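Presented below is the structure to which this report refers.
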Amino acid sequence: MPTHTLEAIRPAPAPDSDIDPIAGNRVELQLLTTLKCNLKCTYCSLGVGEVLGSQTELKYDIDQLAAFVEKHLAGKEIYVTFYGGEPTLNQKMMQQVMRRFPEFRYQLQTNGTLLDDLPDWMLARFSNILVSIDGGEQTTDDYRGRGIWRKVIRNLGHIHERVGGTITARVTWGNPDTSFEELDELATAIEAVDYLYWQFVADEMYGGDSLEKRKAVLVRLIDKFFSRTDTLYPLVPLMGIVRNKVLPTRGRELYAGLTQCRVSTHLVNVMPNGEIFPCPDMMYAAEMKMGEIQSNWLKKSPLQPTTSMPCEGCEAFSWCRCNCMKNLYLGYVKNDERYRRNVVEPICELVKFIGREVDRHDPHGWFSRLALSVRKQITDAEIYEYVEIMP
Numbered sequence: 056m057p058t059h060t061l062e063a064i065r066p067a068p069a070p071d072s073d074i075d076p077i078a079g080n081r082v083e084l085q086l087l088t089t090l091k092c093n094l095k096c097t098y099c100s101l102g103v104g105e106v107l108g109s110q111t112e113l114k115y116d117i118d119q120l121a122a123f124v125e126k127h128l129a130g131k132e133i134y135v136t137f138y139g140g141e142p143t144l145n146q147k148m149m150q151q152v153m154r155r156f157p158e159f160r161y162q163l164q165t166n167g168t169l170l171d172d173l174p175d176w177m178l179a180r181f182s183n184i185l186v187s188i189d190g191g192e193q194t195t196d197d198y199r200g201r202g203i204w205r206k207v208i209r210n211l212g213h214i215h216e217r218v219g220g221t222i223t224a225r226v227t228w229g230n231p232d233t234s235f236e237e238l239d240e241l242a243t244a245i246e247a248v249d250y251l252y253w254q255f256v257a258d259e260m261y262g263g264d265s266l267e268k269r270k271a272v273l274v275r276l277i278d279k280f281f282s283r284t285d286t287l288y289p290l291v292p293l294m295g296i297v298r299n300k301v302l303p304t305r306g307r308e309l310y311a312g313l314t315q316c317r318v319s320t321h322l323v324n325v326m327p328n329g330e331i332f333p334c335p336d337m338m339y340a341a342e343m344k345m346g347e348i349q350s351n352w353l354k355k356s357p358l359q360p361t362t363s364m365p366c367e368g369c370e371a372f373s374w375c376r377c378n379c380m381k382n383l384y385l386g387y388v389k390n391d392e393r394y395r396r397n398v399v400e401p402i403c404e405l406v407k408f409i410g411r412e413v414d415r416h417d418p419h420g421w422f423s424r425l426a427l428s429v430r431k432q433i434t435d436a437e438i439y440e441y442v443e444i445m446p
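If you're matching positions, the sequence shown starts at 56 in the numbering used here and goes up one per residue.
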């Protein structure tokens with residue numbers, strides 16, 4: 056065979072890896088087991104660029120993953136998040152990873168519909184299970200399909216006592232009519248839920264009186280959060296914001312002073328085809344690729360704070376530390392004016408509003424009166440390592 060033909064079929068050499076691409080001593084290895092999903096949520100972020108459903112089988116094996124971990128993540132504290140699509144559709148891969156790396160910590164992010172299919176030994180190994188749910192029954196079913204809310208809540212009741220760690224309701228706050236009562240029920244009335252986390256939807260849902268409706272709900276949530284000192288109202292965004300205001304060094308220590316969404320520092324998203332990206336919502340963007348399992352290379356995250364972002368001059372910067380790098384990148388680096396105006400700026404306004412409301416309750420004084428057990432939950436909750444903290 057002619058030499059030029061051999062050259063044509065020879066794979067291109069892998070890029071050189073950065074010497075230490077991970078900032079700090081920990082890394083979240085987010086493994087997308089599949090991009091298939093058994094639901095069709097109307098706001099799914101993986102729908103951008105037609106990512107959802109595009110990869111249904113792994114293109115790397117566990118030995119290749121082990122070689123990647125040994126080369127790039129040695130000496131780091133590693134926690135694995137199984138993600139998708141719906142990760143439990145590839146339970147075989149999850150089991151292989153958990154058996155191969157028994158010393159790692161594990162989290163599952165799931166829509167909750169198939170949790171009752173997981174064996175007890177797997178449930179016992181999870182430090183946290185993030186269950187996507189959008190509020191109350193009507194709100195959730197409107198986004199996810201009729202009967203989904205009841206099925207998920209039933210599944211959580213079945214597995215709660217068998218989960219080794221915590222269960223967190225992960226709310227994408229899209230509907231401006233989401234009520235205080237819906238969120239309060241998830242946080243307090245459903246025994247199988249240990250924490251409530253919400254994230255403001257990264258979509259154009261902030262027109263009209265939407266901001267004012269959300270602020271009215273936030274006021275009630277924050278009032279209730281500060282109403283007691285003997286027990287915790289388990290709302291992760293408020294816990295994290297109070298921690299950062301009272302102990303500002305914590306955020307800087309854990310995230311190297313960078314973004315608390317972790318994509319600038321130590322979040323490594325591995326797609327089923329082995330390609331690696333910093334942000335699970337930007338796996339459609341070729342310029343974001345930072346590594347690959349099969350050819351075993353890894354570079355520093357390309358999603359870094361830049362001078363084009365207005366964060367350092369913001370009143371919230373000391374405790375927010377940049378909310379969402381994807382939003383900031385699209386709004387200020389890519390200069391998408393519509394996205395910045397309709398998504399980024401409204402979310403930033405809501406985050407700043409939360410900070411002002413928290414300050415109105417004197418978080419330092421409240422923290423000083425906390426029972427020691429509650430204070431420890433505020434300062435050291437393991438859940439901080441599995442969610443973005445900022446809403």
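Beta carbons are placed, not taken as given, at the ideal position from N, Cα and C, and that holds for glycine.
Just so we're clear, the structure is a prediction, and the values are computed from it rather than from any experiment.
Start-to-end residues for the alpha helix (DSSP H) that takes in residue i
| i | result |
| --- | --- |
| L251 | Element bounds for L251: not the alpha helix (DSSP H) but the beta strand (DSSP E), 250–255. |
| L276 | 265–280 |
| P401 | 400–415 |
| R430 | 427–435 |
| R424 | 418–424 |
Beta-carbon spacing of residue i, residue j below 7 Å
| i | j | result |
| --- | --- | --- |
| D285 | A69 | no |
| M380 | V442 | no |
| L185 | T243 | no |
| Q164 | T136 | yes |
| M153 | R180 | yes |
| R395 | T314 | no |
| T227 | D249 | no |
| P18 | L87 | Residue coverage of the chain in this structure runs from 56 to 446, which leaves residue 18 outside it and unanswerable. |
| N145 | T89 | yes |
| S182 | Q162 | yes |
| Y134 | Q85 | no |
| R155 | I117 | yes |
| V399 | I296 | no |
| P157 | L353 | no |
| N482 | W421 | Shown here, the chain extends from 56 to 446; a query on residue 482 therefore has no answer. |
| W204 | E192 | yes |
| N351 | A122 | yes |
| I409 | L273 | yes |
| C334 | L358 | yes |
| H416 | F281 | yes |
| P446 | P292 | yes |
| L287 | Q432 | yes |
| N166 | E259 | no |
| E83 | L309 | no |
Element boundaries [beta strand (DSSP E), containing residue i]
| i | result |
| --- | --- |
| Y198 | Y198 -> not in any beta strand (DSSP E); alpha helix (DSSP H) instead, spanning 192–199. |
| E83 | 81–87 |
| V186 | 181–187 |
| N382 | Note, N382: premise wrong, no beta strand (DSSP E); alpha helix (DSSP H) at 380–383. |
| I74 | Run containing I74: none; DSSP gives neither H nor E here. |
Which listed residue (the options) has its alpha carbon closest to that of residue i
| i | options | result |
| --- | --- | --- |
| G140 | N230, V218, V124, T168 | T168 |
| R217 | R205, G202, A242, L173 | L173 |
| Q349 | Y115, Y198, S363 | Y115 |
| G229 | A242, Q254, N210, E240 | Q254 |
| E404 | L266, V291, P231 | L266 |
| M71 | K355, D264, E192, G386 | Before going further, note that residue 71 is Asp rather than Met in the sequence given. Of the listed residues, the one whose Cα sits closest to D71 is K355. |
| L170 | S363, Y384, T320, I208 | I208 |
| R305 | D417, Y339, T434 | T434 |
| M337 | N324, M364, D264 | N324 |
| K126 | F281, D391, G346, H416 | G346 |
| Q150 | S428, L276, L178 | L178 |
| S363 | Y310, C316, G386 | G386 |
| E236 | D189, G200, R307 | D189 |
| E342 | K389, D239, F372, A311 | K389 |
| M294 | I277, E308, K270 | I277 |
CB-CB length for residue i against residue j, believed under 8 Å
| i | j | result |
| --- | --- | --- |
| L290 | L251 | 5 Å |
| E370 | K407 | 6 Å |
| T320 | A78 | 4 Å |
| Y261 | P401 | 4 Å |
| N382 | A257 | 6 Å |
| T111 | K91 | 5 Å |
Identify every run of the alpha helix (DSSP H) within the segment 350–376, keeping only runs that are complete inside it and at least 4 residues long; order them along the chain. Note on the segment 350–376: whole alpha helix (DSSP H) runs with a minimum of 4 residues are 372–375, in chain order.
Ignoring anything shorter than 4 residues or poking outside the segment 214–246, list the alpha helix (DSSP H) runs there in chain order. With a minimum length of 4 residues, the continuous alpha helix (DSSP H) runs that stay inside the segment 214–246 are 235–239.
Kindly provide the ranges of any alpha helix (DSSP H) runs that are 4 or more residues long and lie completely inside the segment 106–162, ordered along the chain. Taking 4 residues as the minimum length, the alpha helix (DSSP H) runs contained wholly in the segment 106–162 are 117–127, 146–155, in order along the chain.
What are the start and end residues of each continuous alpha helix (DSSP H) run of 4 or more residues lying completely inside the segment 283–338, in chain order? 291–301, 303–309
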